[in-house]
Each structure stands twice: as structure tokens, then as C-alpha cells.
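Asks:
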Amino acid sequence: MDRHTWMYKISRATQEYIDGVEKFIQCAEENLKKKREHGKEDRITCPCHDCYNLKKYSSVATIREHLFRRGFMTGYTKWIWHGEGINSKKTRTSDGNRGTYGPDIPVTSYEGYDVNGYTFYTQCQDNKSTVQNIGVCVEASSTEFDRGKSITSRDIKKSYYGVIEEIWELDYKDFKVTLFRCKWFDDGRGVRVDESGFTLVDFSRFAYGPDIPVTSYEGYDVNGYTFYTQCQDNKSTVQNSGVCVEASSTEFDRGKSITSRDIKKSYYGVIEEIWELDYKDFKVTLFRCKWFDDGRGVRVDESGFTLVDFSRFGHVDALQE
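Here this note's numbering is used: the first residue of the sequence shown is 1, the next is one more, and so on.
1) Who are the Cβ neighbours of K183 in its own chain at under 7 Å, not counting the five residues just before and after it?
2) Between K283, Q26, G297, which has its C-alpha nearest T215's C-alpha?
3) K283 by DSSP, collapsed to three states: which one?
4) So the alpha helix (DSSP H) Y8 belongs to, where does it begin and stop?
5) DSSP state of F305, grouped into three classes?
6) Considering Y17, what are the terminal residues of the alpha helix (DSSP H) in which it resides?
7) From what residue to what residue does the alpha helix (DSSP H) around C231 run?
8) By DSSP's criteria, R288 is part of a beta bridge. Which residues make up the other side?
9) Rounded to whole angstroms, what's the CA-CA distance from E16 to E29? Just pull it up for me.
10) Since E325 and Q232 should fall inside the 8 Å C-beta cutoff, what is the C-beta to C-beta distance between them, to a whole number of angstroms?
11) Among K23, T74, W168, whose alpha-carbon lies nearest the alpha-carbon of K9?
12) From K78, R288, A13, pick the residue whose C-alpha is nearest to that of V243; which is it?
13) With respect to the beta strand (DSSP E) encompassing F120, which residues constitute its N-terminal and C-terminal limits?
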């Protein structure tokens with residue numbers, strides 16, 4: 001069975017999918033071992049549908065659980081972020097048919113690269129030198145809209161700063177593309193401009209997210225109210241696992257002129273898990289919830305009370321169906 005089939009076409013409960021995940025874990029662990037030997041990394045990026053290779057974990061058990069619960073991110077049939085094809089000694093062959101499969105494998109990696117007369121280095125290579133050439137700055141442009149009597153827009157620019165972790169050269173036969181894989185700094189608190197106009201970057205504030213492992217609770221106090229998970233609630237005669245979120249949005253009517261109106265809608269659910277994310281200087285609490293079908297599972301009776309049908313959920317994970 002080819003990789004695309006077992007990753008995306010069959011159930012995640014089949015033996016083929018289970019065996020495929022174990023092959024991926026083995027590939028990721030071997031790549032991590034090589035990186036540790038060079039002092040590069042001690043965590044593995046997670047390619048599940050939610051993490052999308054943007055989050056890293058030290059435990060392969062966490063990644064394995066994510067892949068069984070959520071599946072792989074779209075199109076990740078070449079495990080390039082986990083060592084497949086990089087620095088391989090395989091010989092590139094070409095039959096003249098490019099198709100839509102992306103660059104040739106193996107991908108060439110470098111520790112230094114010249115771009116328009118400037119030499120950039122990876123962070124690993126830079127640690128061996130007294131001159132720092134790993135820093136990058138990307139200026140992004142976007143359009144911001146102001147909603148008043150009429151809709152106006154303005155162009156804004158913002159700079160993002162980071163350091164280079166890896167440099168890859170992708171060969172598309174007729175042309176080549178160079179990619180810099182970077183760590184990005186927290187632009188809100190990790191970057192500032194001093195009185196002389198120089199931009200200062202706090203290297204301790206990487207935009208990697210919270211510390212791992214994440215702390216979980218069965219009960220949590222918020223502004224004097226105690227919330228419980230559904231599991232904890234089942235042990236008690238008092239129910240404190242229910243939540244209600246009021247969402248606001250803007251609706252536009254298109255006629256001779258564009259008019260808008262603000263609308264609000266309430267969503268009801270129960271708490272399954274409570275997580276506390278530690279971002280070093282502050283903490284964020286997340287409630288992982290099951291949400292009820294707001295169309296058929298929620299109604300208001302003649303006395304004005306909101307009734308929720310606990311048997312009608314608005315979304316069910318693919319493994320629970």
C-alpha cells in the first residue's frame with residue numbers, strides 16, 4: 001500500500017495505518033538522534049492535522065497520540081521535516097516528466113549560503129564563529145480596513161525578526177529554490193527600538209509557544225467561579241462543567257450601498273479537559289470542550305429558559321463516529 005493511501009484514504013483504526021505511524025515514529029527518532037549528536041535539537045515537530053509541523057514535543061508518545069486522534073497534515077507524504085531525503089546519498093534521476101510532485105528528493109542542505117553577495121549561516125554554524133550571520137528580517141505588508149459610514153482601507157507594514165535553523169535547496173529541475181527554516185521572535189515583547197533607532201531583539205523570547213509538558217486540571221477557578229471537567233462532574237451531584245460562549249460577528253448587506261450590522265450568537269458545551277499553558281511571563285488557561293448542535297440541540301422554552309439536549313453534539317471526532 002502506497003504512503004498516500006494509508007495516510008489519507010483509510011481509517012486510522014486499521015493495522016495499515018498503525019504500522020505506518022510506527023514507521024514514521026522510527027524515522028523521526030532516527031533524525032532526532034542525528035540532530036542530538038550535532039547539538040541541534042532535542043524535540044520533534046508534530047505533523048498532525050492541528051500542529052502542522054509548527055509545534056515540537058520531546059515525547060514521541062504525544063506525537064503518536066496526535067496522529068491517531070487527528071491524522072496527518074495535508075500533503076505530508078515526504079517526511080522532509082523529519083530527516084527523509086535530507087543529506088541522503090541517493091542519486092537523483094530524471095525522466096523529463098515534472099508532474100506536480102514538488103522538488104527532487106534528496107533535498108540538499110547547507111550550513112552557509114550566499115545570496116546577492118551576503119553570506120547567511122545556520123545557528124549551528126554560527127555558534128562556531130565570532131561573527132553573527134544568522135539573523136533575518138522579513139517585512140510583511142497587509143491591508144487594514146476601517147468600518148465607519150464608509151469602508152476605508154490603508155496599507156501597513158510590519159517587520160519580523162528571526163534566526164536561521166536550516167538552509168535547504170529544492171531542485172525543480174528547471175530552477176532551484178532556497179528555503180531558510182527559521183525561529184521567529186515574539187514581535188510583541190521580544191523586539192523593541194532603542195533611543196538611537198536601533199532594533200533590539202530579545203533572544204529569550206522565541207515564538208515557540210508554551211513550555212512542555214502542559215499542566216492539566218480537573219477543576220479550575222476563574223474570577224470566583226469553579227469549573228470542572230465532565231469526568232470530574234460525573235462524581236458530583238452539582239454540575240459545573242457547562243459553558244456558554246457568546247460570539248459576535250459583522251454581517252454585510254449588499255444593495256445600492258454596503259451596510260453592516262453586528263450580530264451575536266450563543267454556543268453551549270461541556271468541558272472535557274482543562275489545560276494551563278505556561279509562557280514563562282504569563283499563563284493561559286484553555287478549556288477543551290464538546291459543543292452542542294445549536295440548531296437542533298438548543299431551544300428556548302415558553303418561560304424563556306434555554307434548554308440544551310446533551311445527546312446532540314455539533315461535532316464528533318472521526319475516531320468517535
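Backbone N, C-alpha and C fix where the C-beta goes; we use that ideal spot for every residue, glycine too.
Replies: From the atom records:
1) The answer, listed in chain order, is G162, V163, E165, F206.
2) Its Cα nearest to that of T215, the residue K283 stands out among K283, Q26, G297.
3) In the structure shown, K283 sits in a strand (DSSP, three-state: E or B).
4) From DSSP, the alpha helix (DSSP H) with Y8 extends over 3–8.
5) It is coil, neither helix nor strand.
6) From DSSP, the alpha helix (DSSP H) with Y17 extends over 15–37.
7) Residues 230–233.
8) Residue pairing of R288 in beta bridges, as defined by DSSP: E273.
9) Roughly 20 Å between the two C-alpha positions.
10) Because the chain is modelled from 1 through 321, residue 325 falls outside the range shown and cannot be assessed.
11) When each option's Cα is compared against that of K9, the closest is T74.
12) Distances from the CA of V243 to each of K78, R288, A13 were compared; the closest alpha carbon is that of R288.
13) Where F120 is concerned, the enclosing beta strand (DSSP E) stretches over 118–121.
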